[in-house]
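Following: one structure in structure tokens, then a few remarks.
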Amino acid sequence: MQKIEFQQASGPGATNSSDLDATPALMQEIDRDYRAVTGFSTPGQYKIFYSRIDPSPLLVLGQNPGGAENGPSLAASSSFFENWEHDIPRFRNDPRYSLARPLYDLLSAALDTRSVDIIRQVPMTNVIFRRSRDTQSLSMDPRQAALEAKPFLSRIITAVQPRAILLISSTAYSLFTKLHCAPGTITESQANAVFTPNGRSPAQIFRRADALVECVGRTTPLLMVGHPSKYGSRGEWGQVTVALAESLAALLMTPSTDAGLARDLPPLAGY
């Protein structure tokens with residue numbers, strides 16, 4: 099099995115402090131280039147980053163940022179997360195940010211950690227960068243919006259070099275596999291699939307697959323969970339947490355406090 103750790107590597111090709119220092123500048127460049135393509139100018143129109151995008155074994159991808167152009171824009175950093183700010187731990191106790199608490203709890207349980215500093219090191223973004231209150235109110239078709247974001251998300255994935263990707267919602271999974279994975283390379287496993295009642299047909303709220311992610315050129319485990327703010331209170335959610343934890347354990351991903359951290363993060367008020 100492939101071992102995935104949060105410890106910083108050493109030797110040729112290792113991430114060093116100068117690489118980490120350069121990350122906010124890369125994020126600023128991606129933000130500038132996306133604005134140049136879309137003409138967007140305000141945080142109410144789009145959101146790219148929820149955290150830093152330094153190398154990490156795990157990357158979290160949602161569908162698209164919530165909110166509206168004239169609504170509140172909750173962000174843990176007013177710039178580019180230079181101090182390892184992260185939306186999910188920062189707003190986990192804020193009822194206005196419905197995703198933060200259930201996703202924080204899911205990551206903590208699945209990664210077997212009580213350390214907020216570990217969660218601060220898990221990069222997070224979306225497959226679509228345009229804001230909307232819901233999918234129906236997106237200003238363009240979701241596939242077109244994901245295509246618009248694709249070159250910029252590819253740059254983020256290349257920077258992170260994840261060995262596993264956690265996708266939040268079946269829509270995020272569908273868009274990612276169709277636009278970012280080589281055709282014919284997706285292999286899904288039904289061994290630990292989890293379903294929950296959802297109208298006429300059940301909704302799948304845990305999925306495990308492998309696919310060739312084109313921008314990094316290698317087969318990568320893909321883990322999908324239903325949106326925690328919608329399904330986190332369902333009775334089947336415990337099965338999702340167990341299935342995700344077992345999948346990460348099978349990959350020998352070890353970012354628990356017992357494993358130690360190479361990154362000594364600065365403490366932040368409010369976390």
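Using this note's numbering, you'd call the opening residue of the sequence shown number 99 and step up by one each time. Where a beta carbon is used, it is the ideal one built from N, C-alpha and C, also for glycine. Predicted model, so just to flag it, every value in this text is computed and none were measured.
Segment limits, beta strand (DSSP E) that includes residue i
{"i": "I303", "result": "A301 to V311"}
{"i": "L332", "result": "The amino acid occupying residue 332 in the given sequence is Arg; Leu does not appear at that position. R332 -> no beta strand (DSSP E), and no H or E assigned at all."}
{"i": "I263", "result": "A262 to I266"}
{"i": "E286", "result": "T285 to T294"}
{"i": "L363", "result": "Counting along the chain, L363 falls outside any beta strand (DSSP E), and DSSP gives it neither H nor E."}
{"i": "L157", "result": "L156 to G160"}
Span of the alpha helix (DSSP H), counted from its first residue to its last, around residue i
{"i": "Y280", "result": "The residue asked about is misnamed: residue 280 is Ala in this sequence, not Tyr. Counting along the chain, A280 falls outside any alpha helix (DSSP H), and DSSP gives it neither H nor E."}
{"i": "Q337", "result": "W335 to A348"}
{"i": "R199", "result": "A198 to A208"}
{"i": "P319", "result": "Per DSSP, P319 belongs to no alpha helix (DSSP H); it is in the beta strand (DSSP E), R316 to V323."}
{"i": "R188", "result": "D185 to R188"}
Anticipated Cβ contact below 8 Å, residue i with residue j, distance rounded
{"i": "R231", "j": "G315", "result": "Actually they are not in contact, since the Cβ atoms of R231 and G315 sit about 37 Å apart, beyond 8 Å."}
{"i": "L321", "j": "L264", "result": "5 Å"}
{"i": "R194", "j": "A174", "result": "13 Å between Cβ atoms; not a contact."}
{"i": "L172", "j": "P326", "result": "At roughly 16 Å, the Cβ-Cβ gap does not stay under 8 Å, so L172 and P326 are not in contact."}
{"i": "F147", "j": "T223", "result": "6 Å"}
{"i": "R130", "j": "P221", "result": "Not really, about 19 Å apart at Cβ, beyond 8 Å."}
{"i": "F227", "j": "Y132", "result": "6 Å"}
{"i": "Y144", "j": "R229", "result": "6 Å"}
{"i": "F179", "j": "P141", "result": "F179 to P141, Cβ: 14 Å. No contact."}
Bridge partners - residue i, DSSP secondary structure assignment
{"i": "Y144", "result": "R228"}
The ligand NAP heavy atom lying under 7 Å from the CB of residue i
{"i": "F178", "result": "The model on display carries no ligand, and the ligand NAP is accordingly not part of it."}
Jot down the residue ranges of each uninterrupted alpha helix (DSSP H) in the stretch 212-251, minimum 4 residues, whole runs only, in chain order. 214-217
Meets three-Cβ-pair contact criterion under 8 Å: the stretch 281-292 and the stretch 152-159: no
Are at least three pairs of beta-carbons, each pair with one atom in the stretch 329-338 and one in the stretch 291-299, less than 8 Å apart? yes
Touch check for the stretch 206-221 and the stretch 180-189: three-plus C-beta pairs under 8 Å? yes
Is the stretch 204-211 in contact with the stretch 234-253, if contact means three or more CB pairs nearer than 8 Å? no
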